[in-house]
Amino acid sequence: MLGSGTVTVEVRAEGIAAGWVVARGCCVETSAGALLQTVEAAKSAAVAVKDSPDSLGRKAAVRNMLRHGSYKPTGRGKPASEYLLNAALDGEFPLINNLVDVNNLVSLETLLPISLVDLERAATTAFAVRWGRPGEAYVFNPSGQVLDLGDLLLLSKLPEDEPCASPIKDSQASKTHEGSRDVLAVLYAPAALRRAAEDGARRMAGLLAGSCGGAAEWGVLP
Numbered sequence: 160m161l162g163s164g165t166v167t168v169e170v171r172a173e174g175i176a177a178g179w180v181v182a183r184g185c186c187v188e189t190s191a192g193a194l195l196q197t198v199e200a201a202k203s204a205a206v207a208v209k210d211s212p213d214s215l216g217r218k219a220a221v222r223n224m225l226r227h228g229s230y231k232p233t234g235r236g237k238p239a240s241e242y243l244l245n246a247a248l249d250g251e252f253p254l255i256n257n258l259v260d261v262n263n264l265v266s267l268e269t270l271l272p273i274s275l276v277d278l279e280r281a282a283t284t285a286f287a288v289r290w291g292r293p294g295e296a297y298v299f300n301p302s303g304q305v306l307d308l309g310d311l312l313l314l315s316k317l318p319e320d321e322p323c324a325s326p327i328k329d330s331q332a333s334k335t336h337e338g339s340r341d342v343l344a345v346l347y348a349p350a351a352l353r354r355a356a357e358d359g360a361r362r363m364a365g366l367l368a369g370s371c372g373g374a375a376e377w378g379v380l381p
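Quick note: the working numbering has the sequence shown finishing at residue 381, numbered continuously throughout.
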């Protein structure tokens, strides 16, 4: 278990590594300037290497990471990083705001799914990465659609151990918004890609500090 200030994250899922970033004092606004240029460069790079052994191997490793129990990472259950890669390939990469755009940019660069949690909405500073249990679920969008979390890798809020995010979609209840200032990002990776999670967390901390005005700390577990 490691922490940043009063924020702690622990990994309770064997074979999983997790990069983490805590950024405080962020200012959410429309992406512009250098950040937009960096996004465009990342999109071009992703298209150029989409069929490379490294890219294909990492996609397969992330999918295999999520093959746990009854969970199958196919269809709408694919990791969010695959959605972002496909969006880049189709010319439909989303631009939301600087906070979310940094999240999506790093996910595209690393091909790792990343959860982004508003710490005020989460109303806790302690979290755990674990496998979902039968019957667990949460609403993931404003229309009320529900994600079944059984056997899915997820992030939970402690001490209640209540799920709040996952590599597929994050809970609507603790998502970031225009007024978000303090956030936690978690990069999910199989243990074999621990270095990628570490590099991604470092990269994300720098981008959040430079593009969102936040004071960021980062690390990797275990």
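Backbone N, C-alpha and C fix where the C-beta goes; we use that ideal spot for every residue, glycine too.
Bear in mind that the values here come from a model prediction, so they are computed numbers and not experimental data.
- When C-alpha distances from G369 are compared across G178, E169, V170 and C185, the shortest belongs to C185.
- The alpha-carbon separation between A375 and V342 amounts to approximately 9 Å.
- About 7 Å separates the CB atoms of K334 and D277; that is less than 8 Å, so the two are in contact.
- Residue pairing from DSSP leaves P381 without any beta-bridge partner.
- Within the region 163 to 242, complete beta strand (DSSP E) segments of at least 3 residues are found at 166 to 170 and 175 to 183, given in chain order.
- Cβ-Cβ distances below 6 Å link S240 to S266, L270, L271 and P272 in the same chain, with the five nearest sequence neighbours on each side left out; the list follows chain order.
- Here P322 is actually not in contact with E357; their C-beta atoms are around 25 Å apart, not less than 8 Å.
- Each residue's CA atom was taken as its position, placing L243 and F252 some 7 Å apart.
- Exposure of V206 is indicated by the presence of fewer than 16 other C-beta atoms within 10 angstroms of its C-beta.
- The residue from V170, G359, P349 and N257 with its alpha-carbon nearest to that of L194 is N257.
- The beta-carbon distance between V180 and M363, rounded to whole angstroms, is 5 Å. This is short enough to meet the 8 Å contact definition.
- L264 and P326 do not touch by the CB rule: their CB atoms are close to 17 Å apart, not below 8 Å.
- When rounded, the separation of the alpha-carbon atoms in Q196 and T233 is 32 Å.
- DSSP places E279 within a helical segment (H, G or I) once states are collapsed to three.
- Nearest Cα to L313 within the set G303, V305, S330 and N300: S330.
- Judged by their CB atoms, I175 and P349 are nearer to each other than the 9 Å cut-off.
- For R289, the enclosing beta strand (DSSP E) begins and ends at A285 to W290.
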